[in-house]
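**Q** A single structure is presented below for examination.
In the numbering used here, the protein residues as written are 693 to 935.
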């Protein structure tokens, strides 16, 4: 059976939007931004219509979901309401080093540590669940791997997902399509990614990505201790699963 749906899943602030936009450069792919989470934010219930959408001439539908931010329910987002959908969807999970992720949350004024811890653990739970149900459908990567070796990661994913790798995935010359709710991206030069930077730190031609004002907030020692204590073992496991 041909798998037409592909999911990018990560805790919030982990470079999943960057990967989404790489695929968004390819007109043969239909890329949709957070359709399930958007339903939860707009109507108070997850919107699973994405699973019934047809590619409509595209090679595949790729959708991205981030877990967490300002609401508890988004920190426990259910991406797949059934085992059948897990088996019928190719998935890539992206994890960022926990302390870096928490610092990035604070930079965007996401200040609830409990929500952060829940969202990180819940994403890991979703990963384990998918691995138990359909391991052949699951890929796991770290943000560091993606930012250090973007071409290698994209080629590996394209091969596994049976979609063609294109050079334009490394050239941000095309804005997001109308199906996405992001419109702030314009023309980018070829990706020049450095370790421990997300795409709003890329060397770029004319646009600086800013989705919302950044805050000068820093984690407390107590917060750092809890993040490391609770999430470092998870990240170590993720690193061992990353290709």
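Backbone N, C-alpha and C fix where the C-beta goes; we use that ideal spot for every residue, glycine too.
Below 8 Å on the Cβ atoms is my contact criterion, and I expect residue 771 with residue 757 to pass it. Report the Cβ-Cβ distance as a whole number of Å.
**A** The Cβ separation is near 5 Å, so the contact holds.
**Q** Please check the pair residue 725 and residue 798, which I expect to be a contact at CB under 8 Å, by giving their CB distance rounded to whole angstroms.
**A** 23 Å between Cβ atoms; not a contact.
**Q** According to DSSP, which residues form a beta bridge with residue 702?
**A** Beta-bridge pairing links residue 702 to 758.
**Q** Tell me the rounded alpha-carbon separation between residue 849 and residue 722.
**A** Whole-angstrom Cα-Cα distance: 16 Å.
**Q** Considering residue 771, what are the terminal residues of the beta strand (DSSP E) in which it resides?
**A** Where residue 771 is concerned, there is no enclosing beta strand (DSSP E), given that its DSSP letter is neither H nor E.
**Q** Decide if the region 814 to 834 is in contact with the region 728 to 739; the criterion is three or more beta carbon pairs, one per stretch, under 8 Å apart.
**A** They do not touch, by the three-pair rule.
**Q** DSSP on residue 734, reduced to helix/strand/coil?
**A** Residue state, collapsed to three classes: helix.
**Q** State the start and end residues of the unbroken beta strand (DSSP E) segment that holds residue 725.
**A** Start and end: 721 to 725.
**Q** Can you tell me whether DSSP reads residue 926 as helix, strand or coil?
**A** Three-state result, residue 926: helix.
**Q** Any beta carbon of chain D sitting closer than 8 Å to that of residue 738?
**A** Although the question refers to chain D, the structure presented lacks it and comprises just one protein chain.
**Q** Can you tell me whether residue 837 is buried or exposed, with buried defined as 16 or more other CB within 10 angstroms of its CB?
**A** The residue in question, residue 837, is buried, as its Cβ has 16 or more Cβ neighbours within 10 Å.
**Q** Contact check, residue 834 vs residue 930 under 8 Å by CB: the rounded distance?
**A** So it is a contact: roughly 6 Å between Cβ atoms.
**Q** Unbroken alpha helix (DSSP H) runs of length 4 or more, entirely within the region 771 to 826: which are they?
**A** Taking only runs of at least 4 residues, the alpha helix (DSSP H) segments lying wholly in the region 771 to 826 are 775 to 779, 790 to 799 and 805 to 825.
**Q** Considering residue 834, what are the terminal residues of the beta strand (DSSP E) in which it resides?
**A** Residue 834 -> beta strand (DSSP E) spans 830 to 834.
**Q** Taking residue 863 as part of the alpha helix (DSSP H), name the residues at either end of that continuous run.
**A** Per DSSP, residue 863 belongs to no alpha helix (DSSP H) and is neither H nor E.
**Q** Please tell me whether residue 777 and residue 728 are closer than 8 Å, where the distance is taken between their beta carbons.
**A** Not a contact, by the Cβ cut-off of 8 Å.
**Q** How would you call residue 711, buried or exposed, if buried means at least 16 neighbouring beta carbons within 10 angstroms?
**A** By the 10 Å Cβ count, residue 711 comes out buried.
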